[in-house]
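**Student:** Mind having a look at this structure? Questions to follow.
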Amino acid sequence: MLWYRELRCFDQSPSDGQYYGDLLNALNQLHTLFLDLHSDIHYNGRRFAYRDVFVSLPSSLRRLEIRNAHGPDVKIIAAVKRYCPDLQELRLGRCNMFNRSPPCKFWRSFPFEHDSYISNDGTDEYASSLAQELAPLRSLKTLEVGIYLIPTSVVLAHRIYHAHELSAPEDINWQLAISLARNAPGDLGSEVLPAGLEPASADELVDILHQPTPESDFNPESCLFCRSEFLQASVDAELSATQTLKNLLPSLNEVQWQGWFTPNHLGVSAYSL
Numbered sequence: 004m005l006w007y008r009e010l011r012c013f014d015q016s017p018s019d020g021q022y023y024g025d026l027l028n029a030l031n032q033l034h035t036l037f038l039d040l041h042s043d044i045h046y047n048g049r050r051f052a053y054r055d056v057f058v059s060l061p062s063s064l065r066r067l068e069i070r071n072a073h074g075p076d077v078k079i080i081a082a083v084k085r086y087c088p089d090l091q092e093l094r095l096g097r098c099n100m101f102n103r104s105p106p107c108k109f110w111r112s113f114p115f116e117h118d119s120y121i122s123n124d125g126t127d128e129y130a131s132s133l134a135q136e137l138a139p140l141r142s143l144k145t146l147e148v149g150i151y152l153i154p155t156s157v158v159l160a161h162r163i164y165h166a167h168e169l170s171a172p173e174d175i176n177w178q179l180a181i182s183l184a185r186n187a188p189g190d191l192g193s194e195v196l197p198a199g200l201e202p203a204s205a206d207e208l209v210d211i212l213h214q215p216t217p218e219s220d221f222n223p224e225s226c227l228f229c230r231s232e233f234l235q236a237s238v239d240a241e242l243s244a245t246q247t248l249k250n251l252l253p254s255l256n257e258v259q260w261q262g263w264f265t266p267n268h269l270g271v272s273a274y275s276l
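Quick note on the working numbering: the sequence shown kicks off at 4 and runs consecutively.
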């Protein structure tokens, strides 16, 4: 019997395709578990595949915090429901463009998939689906979700148009916008490339999405363009999704979403219920 109450596991690269197997289940007094799961995927030379993170978890677990994951939340939630149904706090953090600079191999390979964690489309449907998955966790009080409920376009709008004191168009042509910003910023309002300029490449898109631009004091007042174009849409989506979760998970006391209007875009928008 191992009497550990709290365990923090940093990223590792397992050689056998699994992270922890049933090792964690031996810690039968464990209360709090922190896991950095950045290596939850591996590349076999042809494609990426998800690793099995663990086979089981100790039933004593009350707090679980995941960071830097790529795999679907539903796999983690399924294990929690099966092995530690009395969990009280669940934090589901993801690897994203703001906490991974330079980009990891996964995001270098999938530069058009960031809307998997930054979007305000279908937020109520997402929240309802998430709540149904979490419904068996009747003691769950705190939930952090690794999703930004804000239009996907906010990043390019802020880093290209707002940086040049311009409002962003509703639909951003990234190949045009990036090429103009780098080569002819005075023409950013144009809908066509000047002669001699080439559309931006996917690698250039990756570079601008993952650029290490410190915004350590970023808040709703930092960029008036962001505030005008995106703040209300984000707040509305967060409030609606939070209420959907609360309606279906009455035990919840707090819900946290990833927050664009936070330092370095790495903080959370928290809602007490």
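Beta carbons: idealized from backbone N, C-alpha and C, even for Gly.
In the DSSP output, what is R70 paired with across the bridge?
**Tutor:** R70 is bridged to D39.
**Student:** Can you have a look at Y164 and say buried or exposed, based on whether 16 or more other CB atoms are within 10 angstroms of its CB?
**Tutor:** It counts as buried.
**Student:** From this set, P88, S142, F115, A198, which residue's C-alpha is nearest N176's C-alpha?
**Tutor:** Among P88, S142, F115, A198, the Cα nearest to that of N176 belongs to F115.
**Student:** Which residues in the same chain have their Cβ closer than 7 Å to the Cβ of S243, if we skip the five residues on either side of it in sequence?
**Tutor:** Answer for S243: T126, D127, listed in chain order.
**Student:** Nearest-angstrom Cα distance between Q91 and E147?
**Tutor:** Going by the C-alpha atoms only, they are around 12 Å apart.
**Student:** Among Q214, S272, T145, L251, which one has its Cα closest to the Cα of Q261?
**Tutor:** Taking only the C-alpha atoms, the option nearest Q261 is S272.
**Student:** Relative to the C-alpha of H73, which residue among E168, R103, H213, S254 is closest?
**Tutor:** Checking every option, the nearest Cα to that of H73 belongs to R103.
**Student:** Is the CB-CB distance between L140 and S254 below 9 Å?
**Tutor:** In this structure, S254 lies closer than 9 Å to L140 by Cβ.
**Student:** In the DSSP assignment, find the alpha helix (DSSP H) that holds L212 and state where it starts and stops.
**Tutor:** Segment 205-212, the alpha helix (DSSP H) holding L212.
**Student:** Where are the alpha helix (DSSP H) runs, 4 residues long or more, that stay fully inside the segment 53-125, in chain order?
**Tutor:** For the segment 53-125, whole alpha helix (DSSP H) runs of length 4 or above, ordered along the chain, are 76-86, 108-112.
**Student:** Reducing DSSP to helix, strand and coil, say where W6 ends up.
**Tutor:** In this structure, W6 counts as coil in the three-state DSSP scheme.
**Student:** Taking CB distances under 9 Å as the criterion, tell me whether L200 reaches chain B.
**Tutor:** In the structure shown, chain B does not exist; there is a single protein chain.
**Student:** DSSP on R230, reduced to helix/strand/coil?
**Tutor:** R230: helix per DSSP, three-state reduction.
**Student:** Considering Cα atoms alone, identify which of D220, Q246, D239 is closest to N267.
**Tutor:** Cα-wise, what sits closest to N267 is D220.
**Student:** Going by the C-beta, is S193 closer than 8 Å to any heavy atom of the ligand MN?
**Tutor:** Among the components of this structure there are no ligands whatsoever, and the ligand MN is therefore not found.
**Student:** Assuming E9 and H34 are in contact, meaning their beta carbons sit under 8 Å apart, how far apart are those beta carbons, in whole angstroms?
**Tutor:** Yes, they are in contact, since the Cβ atoms of E9 and H34 sit about 6 Å apart, within 8 Å.
**Student:** For V238 and C98, what's the separation of their Cα atoms in angstroms?
**Tutor:** Near 23 Å, if we compare the C-alpha coordinates of C98 and V238.
**Student:** Going by DSSP, what residues sit across from S275 in a beta bridge?
**Tutor:** Note: S275 sits in a beta bridge opposite E257.
**Student:** Indicate whether I181 and E136 have their beta-carbon atoms separated by less than 9 Å.
**Tutor:** No, these two residues do not count as a Cβ contact at 9 Å.
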